[in-house]
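First the structure, in the form of structure tokens, and then the observations on it.
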Amino acid sequence: AHHKGPAVYSVPGATPVSKDRDMVVEVVLVVVVLVVLVPLPMVVVVALGSVDVVVLVVVVEVLVVVAVVVVVVVEVAVVLVSVEVVVTVVVVLVVVVTVVVLTSQ
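Counted from 1, the sequence shown has number 1190 at position 69 by our numbering; the numbering is strictly sequential.
As structure tokens, then:
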């Protein structure tokens, strides 16, 4: 019979250690989201020169939705895999998205 490790079934926040880890992850996520979300609309405005308020609002809305999705995905991923893997993936994604945005202008 093929068993998965006990780690998969462990409840997040069950031990003080995982609670602390979750807290750290939460803080990191919030910081990353803020650092990514706050400058992006400004970058878009600068890149496009003049931009409609409507366009800017839409961009911000999309970014907020994306941020929420990313946070949820990361939350799940942290439970299933290690923090290091998740952080690495997030960093790579941010870099890729940034490059794509900059090169598409």
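Using N, Cα and C, we set each Cβ at its ideal position, and we do this for glycine too.
- 9 Å or more divides the Cβ of V1211 from the Cβ of V1190.
- Taking the C-beta atoms as reference points, V1146 is found no nearer than 9 Å to V1185.
- About 6 Å separates the beta carbons of L1158 and A1188, which is inside the 8 Å limit, making them a contact pair.
- For S1203, the secondary structure class from DSSP, reduced to helix, strand or coil, is coil.
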